[in-house]
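Sequence lines, in order, name chains A and B.
Read in order, the letters of the first sequence correspond to residues 1 to 113 in our numbering.
Read in order, the letters of the second sequence correspond to residues 114 to 226 in our numbering.
The structure appears below as structure tokens.
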Amino acid sequence: SAVISQKPSRDICQRGTSLTIQCQVDSQVTMMFWYRQQPGQSLTLIATANQGSEATYESGFVIDKFPISRPNLTFSTLTVSNMSPEDSSIYLCSVDRSDTEAFFGQGTRLTVV
Amino acid sequence: AQSVSQHNHHVILSEAASLELGCNYSYGGTVNLFWYVQYPGQHLQLLLKYFSGDPLVKGIKGFEAEFIKSKFSFNLRKPSVQWSDTAEYFCAVKGTGGFKTIFGAGTRLFVKA
Chain A
1 SAVISQKPSR DICQRGTSLT IQCQVDSQVT MMFWYRQQPG QSLTLIATAN
51 QGSEATYESG FVIDKFPISR PNLTFSTLTV SNMSPEDSSI YLCSVDRSDT
101 EAFFGQGTRL TVV
Chain B
114 AQSVSQHNHH VILSEAASLE LGCNYSYGGT VNLFWYVQYP GQHLQLLLKY
164 FSGDPLVKGI KGFEAEFIKS KFSFNLRKPS VQWSDTAEYF CAVKGTGGFK
214 TIFGAGTRLF VKA
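Dropping the structure here:
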């Protein structure tokens with residue numbers, strides 16, 4: 001299993017500003033994933049973050065809007081840039097291995113006003 | 114395209130009623146299948162998973178699911194629900210040997226006491 005800590009747990013931000021979400025894992029993992037869960041909806045994968053390489057973004061998500069860092073095997077950050085109310089969502093960090101299920105942080109509840 | 118379809122978005126049951134939540138997937142290859150649960154105010158956690166072997170898998174809290182390969186289905190069941198089962202349930206799929214989990218839209222279950 002993996003224990004994942006996300007910070008902040010929630011934030012209220014002004015539109016046009018940026019927020020960086022941190023994700024810390026208690027063990028080394030190759031891949032980390034960032035999801036968005038909009039109100040009343042399922043989880044949508046934003047990007048996959050590999051240590052030592054650029055993140056891989058899913059369709060509809062771009063690096064300029066959601067820059068990701070992965071400086072080592074236990075840590076990643078996701079920045080939500082130039083926020084608008086449509087970015088209000090829960091953002092989830094996850095780790096996943098081929099031989100087990102995904103593990104999730106507690107999420108960051110973002111409200112953009 | 115890879116996708117997961119959950120049949121019901123909202124389900125309301127009385128305590129002691131039986132539960133079956135439908136899940137179908139579309140994936141080009143062998144898969145691992147999961148059901149996750151999200152209780153109000155909590156983060157996602159694994160309910161049960163199928164990797165191989167007996168297609169009838171048992172999970173926590175009396176839940177079980179059956180993998181029917183010919184129907185691309187992985188329905189979740191519980192013979193008698195409790196008020197504490199009120200939660201959102203997500204079916205998910207991952208390619209065997211893969212790292213990226215794809216989620217269904219989720220089913221909100223409300224159990225009346």
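Beta carbons: idealized from backbone N, C-alpha and C, even for Gly.
Taking the Cα positions, G172(B) is about 6 Å away from L160(B).
Per the Cβ contact rule, the segment 146–159 of chain B is not in contact with the segment 121–130 of chain B (fewer than 3 Cβ pairs under 8 Å).
When C-beta atoms of the segment 128–140 of chain B are compared with those of the segment 74–91 of chain A, fewer than three pairs fall below 8 Å, so the two segments do not count as touching.
Using a Cβ distance threshold of 8 Å, V113(A) and R10(A) do not count as a contacting pair. Of all residues in the segment 78–106 of chain A, the ones placed with a Cβ closer than 9 Å to any Cβ belonging to chain B are L92, S94, D96, R97, S98, D99, T100, E101, A102, F103, F104, G105, Q106, in chain order. For Q41(A), the nearest beta carbon of chain B is closer than 8 Å to its own beta carbon. Taking 8 Å as the threshold, the shortest C-beta distance from F180(B) to chain A does not fall below it. Bounds of the beta strand (DSSP E) holding L45(A) are 43–50. Under DSSP, D11(A) shares a beta bridge with L110(A). Within the same chain, Cβ atoms closer than 6 Å to the Cβ of R70(A) are found at A49, Q51, S76, the five residues on either side in sequence being excluded.
Per DSSP, W148(B) is one residue of the beta strand (DSSP E) stretching across 144–151. Where P192(B) is concerned, there is no enclosing beta strand (DSSP E), because DSSP gives it neither an H nor an E. Bounds of the beta strand (DSSP E) holding Y91(A) are 89–95. Apart from sequence neighbours up to five positions away, the residues of its chain that approach V3(A) with a beta-carbon distance below 6 Å are D26, ordered along the chain. Per the DSSP secondary-structure output, V29(A) pairs with nothing in a beta bridge. At a cut-off of 8 Å, the C-beta of K225(B) has no neighbouring C-beta in chain A.
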